[in-house]
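Residue numbers (this note's numbering): 15 to 202.
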Ligand SMILES: Nc1ncnc2c1ncn2[C@@H]1O[C@H](COP(=O)(O)OP(=O)(O)OP(=O)(O)O)[C@@H](O)[C@H]1O
Ligand SMILES: [Mg+2]
């Protein structure tokens, strides 16, 4: 996979498939410890303990169309190749949290990619889901909550061109504000 935003897209697809009504993405970077941490939490169907133990194997999937599932194992591999760690927590009928850490300056750390495109893509595909994005860099924080936007829209759909264009610009600015100068690939 080319970048972290594409991995994120896969992990968010899992949360959508798990019928989550609220999906939260947190990305925090700490230049001092050299860590960037991705946390995705959902309130979807979750997994039981036995299934969870095998979920990082490519041969674990509830897909019926093919026998291997790669979203989770590939994200784990990307983290570990970049000197990071991977954890997944889940409880049946409660939800799932995926946490991946990467060493920012590691040569094999994938670039962030287009996080805005990933978020706008999932919002457009599931506008009824509550999408939360929190970014931080130890000094500053940024947050976006699709339900806060919807509340202020007085019935105009979030998928409306002008609205989603605003969302896109808002998240783009957040990424630049929080990660500009912190991740070399983001120009502030
Ligand atoms: N957030 C989640 N909530 C509930 N179950 C999950 C979640 N994430 C993963 N799973 C379970 O783990 C399995 C493996 O996930 P993984 O992303 O690795 O593969 P996949 O989604 O089956 O296929 P692919 O990602 O390659 O399209 C899924 O089939 C699903 O059963
Ligand atoms: Mg998947």
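Note that beta-carbon positions come from the ideal geometry of N, C-alpha and C, so glycine has one too.
Out of curiosity, what's the CA-to-CA distance linking residue i and residue j?
i: residue 125; j: residue 27; result: 20 angstroms
i: residue 97; j: residue 192; result: 22 angstroms
i: residue 144; j: residue 59; result: 16 angstroms
i: residue 6; j: residue 37; result: Any question about residue 6 goes unanswered here, given that the chain covers just 15 to 202.
i: residue 64; j: residue 108; result: 16 angstroms
i: residue 34; j: residue 49; result: 28 angstroms
i: residue 129; j: residue 198; result: 15 angstroms
i: residue 70; j: residue 83; result: 9 angstroms
i: residue 40; j: residue 169; result: 28 angstroms
i: residue 155; j: residue 90; result: 26 angstroms
i: residue 138; j: residue 173; result: 6 angstroms
i: residue 29; j: residue 136; result: 11 angstroms
Going along the chain, which residues of its own chain have a beta-carbon closer than 6 angstroms to the beta-carbon of residue i, five neighbours each way excluded?
i: residue 112; result: 25, 54, 102
Tell whether a beta-carbon distance below 8 angstroms holds between residue i and residue j.
i: residue 56; j: residue 110; result: yes
i: residue 88; j: residue 21; result: yes
Check the Cβ-Cβ distances between residue i and every residue of chain D, and say whether any is below 8 angstroms.
i: residue 192; result: Of the protein chains in this structure there is only one, and it is not chain D.
Going along the chain, which residues of its own chain have a beta-carbon closer than 7 angstroms to the beta-carbon of residue i, five neighbours each way excluded?
i: residue 104; result: 60, 61, 66, 110
i: residue 123; result: 96, 116, 117
i: residue 182; result: 130, 134
Is any non-hydrogen atom of ligand 2 found closer than 7 angstroms to the C-beta of residue i, if you look at the structure I gave you?
i: residue 64; result: no
i: residue 49; result: no
i: residue 45; result: no
Indicate, with yes or no, if ligand 1 has a heavy atom lying under 7 angstroms from the CB of residue i.
i: residue 135; result: no
i: residue 115; result: no
CB-CB under 8 angstroms to residue i, same chain, minus the five flanking residues each way: which ones, in chain order?
i: residue 152; result: 42, 43, 44, 45, 46
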